[in-house]
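Trainee:
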Amino acid sequence: MLRKKTNGVARGPRLSSAGAELGTAAIDRRTFLKRSGLAFGGATAMTALPGGMVQRAEAQTAEATAGSVETRMTVCTHCSVGCSVIAELDHGVWTRQGVGFDSPFSLGGHCAKGASVREHAHGDRRLKHPMKLVGGKWQQVSWEEAINEIGDKMLEVRETSGPDSVYWLGSAKHSNEQAYLLRKFAAYWGTNNIDHQARICHSTTVAGVANTWGYGAMTNSYNDIHNSRSIILFGSNPAEAHPVSLLHLLKAKEENNAPLIVCDPRFTRTAAHADEFVRFRPGTDVALVWGILWHIFENGWEDKEYIRRRVWGMDQIRLEVAKWTPDEVERVTGVPGSQLERVAQTLANNRPGTLIWCMGGTQHTNGSSNTRAYSILQLALGNIGTSGGGANIFRGHDNVQGATDLGVLADTLPGYFGLTAGAYAHWARVWEEDLDWLKGRFATMTGKDGKPKAMMNETGIPVSRWIDGVLEAKENLEQPDNTKVMVMWGHAPNSQTRLPEMRKAMGMLDLLVVIDPYPTMTAVLQDRQDGVFLLPASTQFETYGSVTASNRSIQWREKVIDPLFESKVDHEIIYLFAQKFGFADRMFRNIKVNGAEPDVEDITREWNRGMWTIGMTGQSPERLKSHMKYQHTFDRTTLRALGGPHDGEFYGLPWPCWGTPEMKHTGSAVLYDTSIPVAKGGMGFRARFGVERDGDNLLAEDSWPVGSEIEDGYPEFTYGMLRGLGWDKDLTEDEMAAIRMVAGSDDQEALDGVNWKIDLSGGIQRVAIMHGCAPYGNAKARAVVWTFPDPVPLHREPLYAPDRQLVADYPTIADMTFWRLPTAFESIQKTDYSKDFPLVMTSGRLVEYEGGGDETRSNPWLAELQQEMFVEINAFDANNLGIKDHDMVWLHSPSGAKIKVAAMVTERVGRGVVFTPFHFGGQFQGEDLRDRYPEGADPIVLGEACNTAQTYGYDMVTQMQETKSTLCRIERA
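Residue numbers (this note's numbering): 507 to 1479.
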């Protein structure tokens, strides 16, 4: 709901006076902050105005600025495109920002959020001091007091309830180094109860895609879309969620005449650019994809030779797809068969084509089936492993990819190593830690079979379900005790569902800790009198380190300014807690600590030593910094450097960047591309599912990367495989010594079992690549995942479904216990809510705000653009309900919760569907909570969180929350 707060006259004098005052002479930081007032962003306004680059104020003299102005390059802290930000400092004060014209990703572009990131750092509504809730009032405390009091309570809980009763919730806003350090910290504390935002945005992508072809990441890049001949999107709205990325899509649309197809329940800003808009019912993605594939198979448009050589299980997919005739697809999805035939023919006639998806496809109870269906469609068309094709999965946060890669998850260690004994043994070797000591940090409980169960090897509680770790009866949990302490580190609670239950859970905790530059809605959602701490973390502009864009490229941020107020950088806070708990010396034995701040480059080099699985080993700090310096040498489409010091390398060394930094691997821009040598970024599909299944060959047939000495499929490399090929002679003495160390003996069987993932020398990788082979093997992608509840993806109706006949025809799965928690499916779906709640509710993003919205709604330049929480409702439904545009309405949930919002009557949503944005917070079921924030730390714009009204529902594989398909009722307020 865009409603102007000011007219067009007032801003001119305000900006001109601020600019004149700031531009008259050199000033120190304190004077700058005082004069700018910060409430209106001070000099930031100069770069937030239309017109792009704005020059320094005329009144500022050359003498005043001579020798005082310097620039530093950083990366935007919002979405995953990875746009460069050029910060300009005057006498150490960040006075203005510019765009990075040399950036291969952003090409000089910024969105509204990116254009105002200086205000994110300098915002006056930041949390300025450590705060403690005492008697319902916020009191300022020192860092020493806070760490000691929090630490004492955690140690008490650890003693009485075990280490799993403290939950360490990490962040997609951490740098790679901070994310890695926090996951390591959790291991030293002794728990796998750690997770981050990826659980609730793309965990179903990671699971679905990794189990299809090997890695759970974006296969190509934003830039590679320039080569696409067709583009199809499912549940993705880049025009608002990743605005700069749209430039890359439009380039393909204009230069290649590439048809743009948008499949979405809502006519989005992206759909406005589409050649074909496919409106379908929320929660029916699998049926929609099978409907497209029905036409492809029916007409023989699939790439039969590609499938023969590189795909396993497509015959089983054909059997399921055959059931999805045009009539049945229309009954389930609402999409006419004639339209899907047109879509199928467009994709078949315009190859290579790219397929893009986002949270519209992932946040479902069968989200892992959705992501596999998208992948299978691309495999059928032969679009994986080729430039212009791919599964381009747009991640939401600036480092959600990196935090996932570095293991801030309840089910893996860094590098997706899992939680097995071997995985912990590998990282203990990297950390040079006594494995027995590390094991002793974890709890052991008696399992249901009466045998002891080591919690070290058990998946933790996912963040989507942390509230159930508090609320569920202890006897129903598969961990020793309930969650007693919650640490919300860079995470907005209003981005999660079931907020009334979250408020209850927060009230039952022994201790609640928020670590964030802004207080987040946690500060006001809980209804407590004490036992809450708010600790001010620095922004990413106040530190330095690496960050991974959605395409797997890693960029290095320079530090722009020193930490403001009393904030501390996240890695220093981790060190302070480690020091309090008595394991700092062990944890940082190979990381230099300056005062209390660990050295970031040392942290990078440590994760370089262990991240062999995905090839995050070749990106040393020196290489990454040099890539930033020489951005201008990289091609804007291929991302490969043309001449210069990085000739032949891909920008940001996208993983896998095999071997050690000294190997100088190029990085890999397009995953699974067999048309180029492995040494230059080529590879087949990963061999991680065995050699055969039911007598069928799972390895590639008549397909291999160019230059491979093995001209066929092959399994992953081990020392034994090298020895069998006679290639072990290519290993150096130092590499053999490292292999013996990992094997633990000179026993031949032990030596032969050392594989490429745990060889700390990188020798096995180096030798495999020297002979033209990918260290992870060369296999077929699998269309059927026999380890999932639905090996072949099936359409299953949402738990809260509008059509009871469809529920009977396509029911959900049985209730089950996994991820330590009992999880309901059919027990919810069996109740008919559709009569009392006739509208389907979905949610999504706005261009002005990001995530939970705490920092962006605190930014005056963004807050002015979007001042009110709203619900989009179709004119037909609004008229039947007697609701007019801008009326205040109550949106009621089947859970009993309700939110009070403004109505936006629009044709963007179809009949029977409503849409709400998820960036708002600070109001709760009609109650304004502004007075609960610490003084001066309340966001400018408050609003109801749509997730207050979202219902129960979790993916059958990953526990992803359902936010895209529930039911509601709307009434005039």
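Backbone N, C-alpha and C define an ideal beta-carbon position, used for all residues, glycine too. Source: prediction; values computed, not measured.
Which runs of the alpha helix (DSSP H), 4 residues or longer, sit entirely within the stretch 823–854?
Mentor: DSSP runs (the alpha helix (DSSP H)) wholly in the stretch 823–854: 832–839.
Trainee: How long is the line joining the alpha carbons of Asn905 and Ala1055, rounded to whole angstroms?
Mentor: One C-alpha to the other measures close to 7 Å.
Trainee: Distance check for Asp1321 and Ser1333, CA to CA, integer angstroms please.
Mentor: Rounded to the nearest angstrom, the two C-alpha atoms are 7 Å apart.
Trainee: Straight-line CA distance for Thr1499 to Val672?
Mentor: There is simply no residue 1499 to check, as the chain begins at 507 and stops at 1479 in what is shown.
Trainee: If you drop the 5 nearest sequence neighbours on each side, which residues of the same chain put their C-beta closer than 8 Å to that of Gly1250?
Mentor: The residues are Ala1256.
Trainee: Closest by CA to Trp1355, which one among Gly1165, Met1347, Asn876, Pro1366?
Mentor: Here residue 1355 is Tyr; the residue named in the question, Trp, does not match the sequence. Of the candidates Gly1165, Met1347, Asn876, Pro1366, the one whose C-alpha sits nearest the C-alpha of Tyr1355 is Pro1366.
Trainee: What are the start and end residues of the beta strand (DSSP E) that includes Thr1348?
Mentor: Here the beta strand (DSSP E) through Thr1348 covers 1345–1350.
Trainee: What separation, rounded to the nearest whole angstrom, lies between the Cα atoms of Ser1073 and Ser648?
Mentor: Taking the straight line joining both Cα atoms gives about 11 Å.
Trainee: What are the boundary residues of the beta strand (DSSP E) that includes Ile890?
Mentor: No beta strand (DSSP E) contains Ile890, which DSSP labels as neither H nor E.
Trainee: Is it right to say Gln1335 is buried, meaning 16 or more other beta carbons lie within 10 angstroms of its own, or is it exposed?
Mentor: Classification of Gln1335: buried, given that the 10 Å Cβ count is 16 or more.
Trainee: Drop a sphere of 10 angstroms on the beta-carbon of His1392, count the other beta-carbons inside from all chains shown, and report buried for 16 or more, exposed for fewer.
Mentor: Classification for His1392: exposed.
Trainee: Hey, how far is the Cα of Arg1302 from the Cα of Tyr1316?
Mentor: Taking the straight line joining both Cα atoms gives about 5 Å.
Trainee: Does Gly1232 pass the burial test, meaning 16 or more other C-beta atoms within 10 Å, or should it be called exposed?
Mentor: Exposed: under 16 other Cβ atoms inside 10 Å.
Trainee: In its own chain, which residues sit with a C-beta less than 7 Å from the C-beta of Glu1007, not counting the 5 before and 5 after it?
Mentor: If we look at Glu1007 and ignore the five residues flanking it on each side, its Cβ neighbours are Ile973, Leu977.
Trainee: If you draw a straight line from the alpha carbon of Met1410 to that of Thr774, how long is it in whole angstroms?
Mentor: Rounded to the nearest angstrom, the two C-alpha atoms are 14 Å apart.
Trainee: Would you report the Cα separation of Val715 and Glu811, rounded to the nearest angstrom?
Mentor: The alpha-carbon atoms of Val715 and Glu811 are separated by roughly 22 Å.
Trainee: Does the stretch 762–779 come within contact of the stretch 744–753, defined as at least 3 CB pairs closer than 8 Å?
Mentor: Taking 8 Å as the limit for Cβ pairs, the verdict is that the stretch 744–753 does touch the stretch 762–779.
Trainee: Kindly confirm or deny that the stretch 1234–1247 and the stretch 1145–1155 touch, where touching means at least three C-beta pairs closer than 8 Å.
Mentor: No, the stretch 1234–1247 is not in contact with the stretch 1145–1155.
Trainee: What are the partner residues of Leu595, as DSSP defines its beta bridges?
Mentor: Per DSSP, Glu576, Trp600.
Trainee: Given this structure, state the Cα-to-Cα distance separating Ala1381 from Cys707, to the nearest angstrom.
Mentor: C-alpha separation (whole angstroms): 30 Å.
Trainee: Considering only their Cβ atoms, is the gap separating Asp917 from Thr868 smaller than 7 Å?
Mentor: Their beta carbons are not under 7 Å apart, which means Thr868 does not touch Asp917 by this criterion.
Trainee: Apply the 10 Å Cβ neighbour rule to Gly558 and answer buried if 16 or more other Cβ atoms are within range, or exposed otherwise.
Mentor: With a pLDDT of 40 at Gly558, under the threshold of 50, the modelled position of this residue cannot be trusted; read the value that follows with caution. Exposed, by the Cβ-count rule.
Trainee: When DSSP labels each residue in this structure, what does His748 get in the three-state scheme?
Mentor: DSSP places His748 in coil when its eight states are reduced to three.
Trainee: Between Ile1379 and Asn1385, what straight-line distance do the alpha-carbon atoms span, to the nearest angstrom?
Mentor: One C-alpha to the other measures close to 10 Å.
Trainee: Of the choices Thr725, Leu1145, Ile1405, Met660, whose alpha-carbon is the least far from that of Ile1476?
Mentor: Here the closest residue by C-alpha is Ile1405.
Trainee: From Ser734 to Lys757, what does the alpha carbon distance come to, in whole angstroms?
Mentor: One C-alpha to the other measures close to 10 Å.
Trainee: For the pair the stretch 1087–1097 and the stretch 669–685, tell me if three or more CB-CB distances fall below 8 Å.
Mentor: Result no; under three Cβ-Cβ pairs closer than 8 Å.
Trainee: Near Trp719, what residues of its chain come up, given a Cβ to Cβ distance below 6 Å and the 5 sequence neighbours on each side ignored?
Mentor: Hits under 6 Å: Phe1191, Ala1287.
Trainee: Return the bridge partner residues of Phe783 from the DSSP annotation.
Mentor: Phe783 is bridged to Val768.
Trainee: In the DSSP assignment, find the unbroken alpha helix (DSSP H) run with Val936 in it and report its ends.
Mentor: Note, Val936: alpha helix (DSSP H), 927–937.
Trainee: So, is Glu569 buried or exposed, given that buried needs 16 or more other C-beta atoms within 10 angstroms?
Mentor: Reliability fails at Glu569, whose pLDDT of 48 lies under 50, so the model's placement of it is uncertain and no value is given.
Trainee: Could you tell me which of Ala1479, Ile802, Phe900, Thr877 sits nearest to Asn855, measuring between CA atoms?
Mentor: The candidate whose alpha carbon is nearest that of Asn855 is Ile802.
Trainee: What do you get for Ala897, buried or exposed, if any count of 16 or more other CB atoms within 10 angstroms of its CB means buried?
Mentor: Classification of Ala897: buried, given that the 10 Å Cβ count is 16 or more.
Trainee: Can you give the beta carbon distance from Ala1011 to Val1020, rounded, assuming they're within the 8 Å contact cut?
Mentor: Not a contact, Cβ separation roughly 15 Å.
Trainee: Can you give me the start and stop residues for the alpha helix (DSSP H) that Pro968 sits inside?
Mentor: It is not in any alpha helix (DSSP H) - Pro968 carries neither H nor E in the DSSP assignment.
Trainee: Gln1125 CB to nearest chain B CB: under 7 Å?
Mentor: Absent here is chain B; the protein component of the structure consists of one chain.
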